[in-house]
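K.L.:
Below you'll find the structure I mean.
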Ligand code: SF4
Ligand code: SF4
Ligand code: FES
């Protein structure tokens, strides 16, 4: 009989959970919920052997385990550290973690351009969210940023290397789901860059998924580039009968026009089902899709601003009952205050109005 995996008790930001041995701190935090989960720019749960590159998921371990309660001297990457029984971890509740994350954001932004106003990722960019939540308001970096020419990786994908944070997610995705590795990280240190070795195109039928896993706007869909901003679009869960993939996708509409098609993502912004290039790049007609329902949009996303809600319940209007008059009257101050009566017309007063101008 197979041995049962023991359960370990771990406490993260004062929330305790029991998880199987071998679970990482990040996975345990995600099991507790989004509120305590550390940010992750390189770890990707749907892929193997990811994480350990960006350091955004650092946490403080203030008690190593029940058997050895000493704290860990350094902050640890939660995506690569497995839990021990009785471990106590500080994420948002740890001052050291919050301070370190500020430094990590500054480092990630050292070479990053101020492209947000023209970047297709704006509005759904994890680096934007990270900078907003943890970043400093200014950079101390005084040198020129690294710049690279834009590179077409095949007919449908464009690489803007200036925005890349070298998280390796696209490399692992191409490696693990397309079965043919045609691009990778070239060179070392400050010269490291994502590229195809001899500028070959990436044309595997599932290669479009590297756009979805990229946490920033380094890999963009050329059929959607500069066409619209994500917060003007309405994502809808839809499917089609596809011979290559599951055909389950998210179709982004403005009116009846399909602007882009992406894979559906879960609450941690990770792809649920990989989709093929045909579904992603070629099926841009409403009749290509069977629409299911408006996609769930996380509360903190700007895409939600133009979103419609299912089963929306309007709260009852209580103000008229309380003030016993039509609240619109409050908006029409002039008819109530009579300040625009001919003898008090403010435009006829010399100089700035004073309280005397309002006295009878
Ligand atoms: S990748 Fe994100 S942070 Fe960078 S320019 Fe685009 S939206 Fe802004
Ligand atoms: S292109 Fe995107 S996914 Fe690939 S390494 Fe750079 S940031 Fe990561
Ligand atoms: S998410 Fe853990 S190091 Fe990047």
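Numbering (the UniProt record's numbering), first residue to last: 1 to 360.
Just so you know, even glycine gets a beta-carbon here, dropped at the ideal spot from N, CA and C.
Everything numeric in this text was worked out from a predicted model, so none of it was measured.
1) For residue 56 and residue 102, I'd like the C-alpha separation in whole angstroms.
2) Exposed or buried, which one is residue 305 when buried takes at least 16 other CB atoms within 10 Å?
3) Under three-state DSSP, which class holds residue 73?
4) Look at the alpha carbon of residue 266 and the alpha carbon of residue 325, and state the distance between them as a whole number of angstroms.
5) Taking the C-alpha atoms as reference points, what is the distance between residue 11 and residue 92?
6) Could you check what DSSP says for residue 47 in three-state terms: helix, strand or coil?
7) For the alpha helix (DSSP H) containing residue 320, name the first residue and the last one.
8) Going straight from the alpha carbon of residue 191 to that of residue 200, what length do you get?
9) Give me, in chain order, the residues of the same chain whose beta-carbon lies closer than 7 angstroms to that of residue 84; leave out the 5 immediate sequence neighbours on both sides.
10) Can you list every residue whose CB sits closer than 7 angstroms to some heavy atom of ligand 2, going in chain order?
11) Is it true that the CB of residue 45 sits closer than 7 angstroms to the CB of residue 270?
12) Could you give the DSSP three-state label for residue 250: helix, strand or coil?
13) Hey, how far is the Cα of residue 132 from the Cα of residue 126?
14) With distances taken from CA atoms, which of 75, 71, 89 and 72 is nearest residue 27?
15) Is residue 127 a contact residue of ligand 1, with contact defined as CB to any heavy atom under 6 angstroms?
16) For residue 159, which residues does DSSP report across the bridge?
P.N.:
In brief:
1) 9 angstroms
2) exposed
3) coil
4) 47 angstroms
5) 13 angstroms
6) coil
7) 319-323
8) 20 angstroms
9) 8, 64 and 65
10) 159, 164, 165, 166, 167, 168, 169, 170, 171, 194, 210, 213, 214, 215, 216, 218 and 219
11) yes
12) strand
13) 10 angstroms
14) 89
15) yes
16) 151 and 219
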